[in-house]
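Chains as they are written, first to last, in the working numbering: chain W, 481 to 1019; chain E, 72 to 400.
Virtual Cβ for every residue (Gly too), placed ideally from N, Cα, C.
If you're wondering where the values come from, they're calculated on a predicted model, not measured in any experiment.
Below is one structure, written out as structure tokens; comments come after it.
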Amino acid sequence: MRIFLQGFVCLSVLLPISDMLAWQAPVLISPKISVDLIAETNASTTNETNATSLKKPVRSSKQETIDHAGRDLRHVEESVRSGAARLLGKYPSPASAAYLTFALDDRIARVRRAAIVSLSELYLNGFYIYEKPLVEKILSKLGDPDVEVRREVSALVPRLSTGLFRSSFEVVEINGRRVARAKPTILRPDLQEIARKAFFDPDAIVRQNILKYHYVLRLPLSAQVLDRLLSDSDLGVLLTALDRVPSSTPSETVVRRVEKLSHHPDVGVRKKVVSVARDSNRRHPGYRAILRKMTMDEEPAVLSMAAVELARLGEKVDSKVIQAVGDYLLGVAGASTQVMTILYAVSAFGEEATKIYSELTEHTSSKIRTIAWQRLLTFDNGWGRPSVWLPALIDRDKTVRRAIVANLNARSRNFDLKTMEQLVASDFVDVRTFAANSLYTARQDAAEEVAFDLLIDEDTGVRAQTIRALASRRTPGWLKIMSNSLLDEEYVIKRAALDGLLGDPAQGIKALRKFVSEHPADPITSLALAELKSRGITQ
Amino acid sequence: MRLTLYLLIALTGSFGLPALQAVPPARDAIRIVQLLRSDNVLRRYPDALPSLLRHMNKETTARFDTDPLFIQSLEDEQLLQNPILYINCDEQPNLEFSDGEKQALREYLERGGFLYLDAGIKASFLGSDLGHSYAAWEERPEVKELFANVFPEKVFVPLQRDHELFRSFYKGLPDNKDLKIQSNQKKLPETVLTFVEREKWPQGTYSFVGLRVKERIAVLASPICAMGWGKDEFGSWIPPISFRIRESSEGFDEKLKLASFKGGTYEVKREDGLNDILYSEPGQRPLWVQEPTGKWRIFKYYSGEEISNFAHAFYTRIGANVLMFALTN
Chain W
481 MRIFLQGFVC
491 LSVLLPISDM
501 LAWQAPVLIS
511 PKISVDLIAE
521 TNASTTNETN
531 ATSLKKPVRS
541 SKQETIDHAG
551 RDLRHVEESV
561 RSGAARLLGK
571 YPSPASAAYL
581 TFALDDRIAR
591 VRRAAIVSLS
601 ELYLNGFYIY
611 EKPLVEKILS
621 KLGDPDVEVR
631 REVSALVPRL
641 STGLFRSSFE
651 VVEINGRRVA
661 RAKPTILRPD
671 LQEIARKAFF
681 DPDAIVRQNI
691 LKYHYVLRLP
701 LSAQVLDRLL
711 SDSDLGVLLT
721 ALDRVPSSTP
731 SETVVRRVEK
741 LSHHPDVGVR
751 KKVVSVARDS
761 NRRHPGYRAI
771 LRKMTMDEEP
781 AVLSMAAVEL
791 ARLGEKVDSK
801 VIQAVGDYLL
811 GVAGASTQVM
821 TILYAVSAFG
831 EEATKIYSEL
841 TEHTSSKIRT
851 IAWQRLLTFD
861 NGWGRPSVWL
871 PALIDRDKTV
881 RRAIVANLNA
891 RSRNFDLKTM
901 EQLVASDFVD
911 VRTFAANSLY
921 TARQDAAEEV
931 AFDLLIDEDT
941 GVRAQTIRAL
951 ASRRTPGWLK
961 IMSNSLLDEE
971 YVIKRAALDG
981 LLGDPAQGIK
991 ALRKFVSEHP
1001 ADPITSLALA
1011 ELKSRGITQ
Chain E
72 MRLTLYLLIA
82 LTGSFGLPAL
92 QAVPPARDAI
102 RIVQLLRSDN
112 VLRRYPDALP
122 SLLRHMNKET
132 TARFDTDPLF
142 IQSLEDEQLL
152 QNPILYINCD
162 EQPNLEFSDG
172 EKQALREYLE
182 RGGFLYLDAG
192 IKASFLGSDL
202 GHSYAAWEER
212 PEVKELFANV
222 FPEKVFVPLQ
232 RDHELFRSFY
242 KGLPDNKDLK
252 IQSNQKKLPE
262 TVLTFVEREK
272 WPQGTYSFVG
282 LRVKERIAVL
292 ASPICAMGWG
302 KDEFGSWIPP
312 ISFRIRESSE
322 GFDEKLKLAS
332 FKGGTYEVKR
342 EDGLNDILYS
352 EPGQRPLWVQ
362 EPTGKWRIFK
372 YYSGEEISNF
382 AHAFYTRIGA
392 NVLMFALTN
């Protein structure tokens, strides 16, 4: 009764009493609420630019439109009231917010729905309501008899917090002295009760929303409530309730409930249980026991998630389980987020991970093959052993080869002849380009042996890269190769040879000067002359 | 020839190193090629296509490789080896293609390839606001320009609501069972459901335009659908989706003509070929629409779990229909 009175007094501040008693009575804004009237400047007759044949209407101002819609909210026709409620959502202003809030008390559900959707639109357009009585009124509609209104209000909860919990102070008298002190930022008891009841709303969407946002309302989630929601028949509610477990107070009841859920028929729920057990394992030993049991799950994805999480926590995992994880990864059709998590986490199995990664290099998914190769090569210094990484360059997918080559460029040096021969014989241009790049650091004998094959490669890029590498190494006969390459048909080859010669101030420049004098009409000659001139050399 | 092969194998063995020859794929899964100009662009819904392909593998007998094959250019040789090309137009830095790419695209489509241009329809009022799906009935200007060069003699044609595409695997709108909610649960707010069933997606259809090459539809374009395909590892839909609904009320035809408005208007082509005029103010979602019938309706925006779940279920069904159509067309 007292709560009712408090609410009544609060509302009466905002509306005349006569208005509160009649549902569709005139909606007036109390002088206690500050409403900035908008200057009458935007009665638009301009700027409707793009409508080719639209006759420009004489429009009312924003304030006039809002006031008119406000008056329509007390019209006897329901459709006029709902239309007015819809229109007000287009005009973010304190007046619109006030009108719409009071339309939430309309006796017709359709009008209330239109009002709450428009209020939601105001928030979506960045307009926040700061008047606490209005926001409290909106929140109280969590108890509305209409499910659509309750759904909208529950979804709006995160946005209501600004108005509900703004800091404020009150003046109290202590021992005859007036003292200003901060007001506690808690929810009104009657609203707390309404919000608490929403945890068990008949509608699953409302339950899910309030479970998601209860913390915004500073509403504690007790173990009893959580336990009840963890047995909800709706999957959405159940998954949201599981989300709340790691941040709730550890309790035996909840652990037992989560343990029961580890046998839930829905795979998504069981996966969520693994995730929850992982996140909560430091807070209660029961969660690690759940993880252990879940390594026996009939669904390979769940089993694998549980196994890698246990391994990450430092537990020894049975070799049969590890084998099952490998089989699962081999069987997946592609690399989802979950598969990638497991794939990376396989490293936690230690030595046994090598076998899994080795098998996965044959997987159909290029993403999985890439990671498998990278992980496999990291184990036991695989990057340093061509016999281990060469098979990766057979991969049919360029992305896999490119990833491996990128790592090899940074880590591998001094390739021997056999390795270089394998690279040069590749079907793939990118691998042969890598071979040409490797000439810089390959062993002398290997570089000399394969250089000719690369110089006659069908791909211009490979040939150009080879010329650059040979110029850098100054292998015997390099001057001859450069001079001949200056006569190549491809400009990119000529340019590579020119750069190579310019890099050697003694013999290279000499050979270049000879070339330009012998071939004054060659396309590269003008560029060569310019380069020589920039170095202070004239013919 | 066989002798040469044996010799080759023997020689390879003698070196103790594997020969660097290409090996065929282990399985015959269909691989979708996806154009991604650069790894550095902001991906629009990276989980979308893999999620849709997983859905296809689960719900149909088709077998897709759930990892799309990304190419940076339409001249990539791998394009010709795969039957379906997917381009999310919102994900591209621009929709400019070189002459070589246009030629490669023409060749691809003439040789039986299929192209799905997601976000190939984009209403002008959306501007650079990505992530909005709006049922316009013509391809976006960049797509029109591209195909004016690829197939100068052909034009995109809107697909009728009774087109086989909308029945190629799924038919109709998702029901409570499809949505995995209890049979007595309200799947959508009343006004939303009415609008969706009658106007937005009647019988599970949507705005699509198609371009025919050699007597078959080789290119399909639609408003962005990928935003509705993504699922996280626990099977929940990502990201949340809202609805834009047209609502009318008594007196709107007069009131909206006179209501305060200080923005711009945009024309958007409708299914019947006429134009809607949209009223939009800067910084706000579009306010209302003047329809060619003289009717004025207001746009209302609905969000929430039930809205998002329904939209995801619908877009996934549409995506599945597109892939199935591509395979059977």
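In chain order, Lys258 place their CB closer than 8 Å to the CB of aspartate 246 (chain E), counting only its own chain and leaving out the 5 sequence neighbours on each side. Residue pairing by DSSP places isoleucine 288 (chain E) opposite E:Arg283 in a beta bridge.
Between glycine 191 (chain E) and valine 228 (chain E), the gap from beta carbon to beta carbon reaches 8 Å or more. Using a CB distance below 9 Å, the part of the stretch 117 to 135 of chain E facing chain W consists of Asp118, Pro121, Ser122, Leu124, Arg125, Asn128, Arg134 and Phe135, ordered along the chain.
Rounded to the nearest whole angstrom, the CA to CA distance from aspartate 875 (chain W) to arginine 881 (chain W) is 6 Å.
Residues of the stretch 250 to 281 of chain E with a C-beta atom less than 8 Å from some C-beta of chain W are Lys251, Ile252, Gln253, Gln256, Lys257, Pro260, Glu261 and Thr262, listed in chain order. Using a CB distance below 7 Å, the part of the stretch 367 to 387 of chain E facing chain W consists of Ile369, Lys371, Tyr372, Tyr373, Ser374, Gly375, Glu376 and Glu377, ordered along the chain.
In the structure shown, glutamate 601 (chain W) adopts helical secondary structure according to DSSP, grouped into three states. The C-alpha of serine 576 (chain W) lies about 6 Å from the C-alpha of isoleucine 546 (chain W). Taken through DSSP and simplified to helix, strand or coil, serine 122 (chain E) comes out as helix.
Counting C-beta pairs with one atom in each stretch, the stretch 239 to 255 of chain E and the stretch 701 to 720 of chain W have three or more that are closer than 8 Å, which means they touch. Cβ atoms of isoleucine 947 (chain W) and serine 963 (chain W) stay farther apart than 8 Å, at about 11 Å.
Note on geometry: alpha-carbon atoms of leucine 150 (chain E) and lysine 328 (chain E) lie some 52 Å from one another. The beta carbons of valine 747 (chain W) and threonine 775 (chain W) sit about 15 Å from each other, so the pair does not count as a contact at 8 Å.
One thing to note: tyrosine 571 (chain W) has its Cβ within 8 Å of the Cβ of serine 331 (chain E). In this structure, the CA atom of serine 755 (chain W) is about 15 Å from the CA atom of valine 734 (chain W). Under a 10 Å Cβ-count criterion, valine 597 (chain W) is classified as buried, with 16 or more other Cβ atoms of the shown protein chains found around its own Cβ. DSSP, reduced to helix, strand and coil, places tyrosine 157 (chain E) within a strand of the structure shown. Interface annotation, aspartate 170 (chain E): not in contact with chain W, CB-CB separation never under 8 Å.
In this chain, the beta strand (DSSP E) harbouring glutamate 318 (chain E) covers 314 to 318. A distance of 8 Å or more separates the beta carbons of glutamate 362 (chain E) and glycine 334 (chain E). By alpha-carbon distance to valine 627 (chain W), the top candidate from E:Arg388, E:Arg102, E:Glu377 and E:Phe218 is E:Glu377. Threonine 817 (chain W) and leucine 120 (chain E) have their C-alpha atoms some 13 Å from each other. For phenylalanine 332 (chain E), no pairing in a beta bridge is given by DSSP. Spanning the alpha carbons of glutamate 209 (chain E) and valine 226 (chain E) requires a straight line of approximately 10 Å. Leaving aside the five residues that flank alanine 915 (chain W) on each side, the residues in its chain whose CB is nearer than 6 Å to its CB run, in chain order, Leu903 and Val904. Taking the Cα of arginine 768 (chain W) as reference, the smallest distance to any Cα among W:Glu778, W:Glu795 and W:Glu779 is reached at W:Glu795.
Excluding residues up to 5 positions away in sequence, Trp853 and Ala872 lie with their Cβ nearer than 6 Å to the Cβ of isoleucine 884 (chain W) in the same chain. Leucine 706 (chain W) places its beta carbon less than 8 Å from that of serine 728 (chain W). For the stretch 707 to 721 of chain W, the set of residues with a beta-carbon nearer than 8 Å to any beta-carbon of chain E comprises Ser713, Asp714, Leu715, Gly716 and Leu719, in chain order. Listed by position along chain E, the residues whose Cβ is nearer than 9 Å to that of arginine 882 (chain W) form an empty set, because the closest Cβ is around 11 Å away.
Here the alpha carbon of glutamine 163 (chain E) sits roughly 7 Å from the alpha carbon of leucine 107 (chain E). Here the stretch 337 to 348 of chain E does not lie against the stretch 783 to 795 of chain W, with fewer than 3 beta-carbon pairs under 8 Å apart. Under the three-state reduction of DSSP output, serine 541 (chain W) falls in the coil class, being neither helix nor strand. CA-to-CA, the gap between serine 278 (chain E) and leucine 667 (chain W) works out to about 47 Å. DSSP lists no beta-bridge partner residue for glutamate 342 (chain E).
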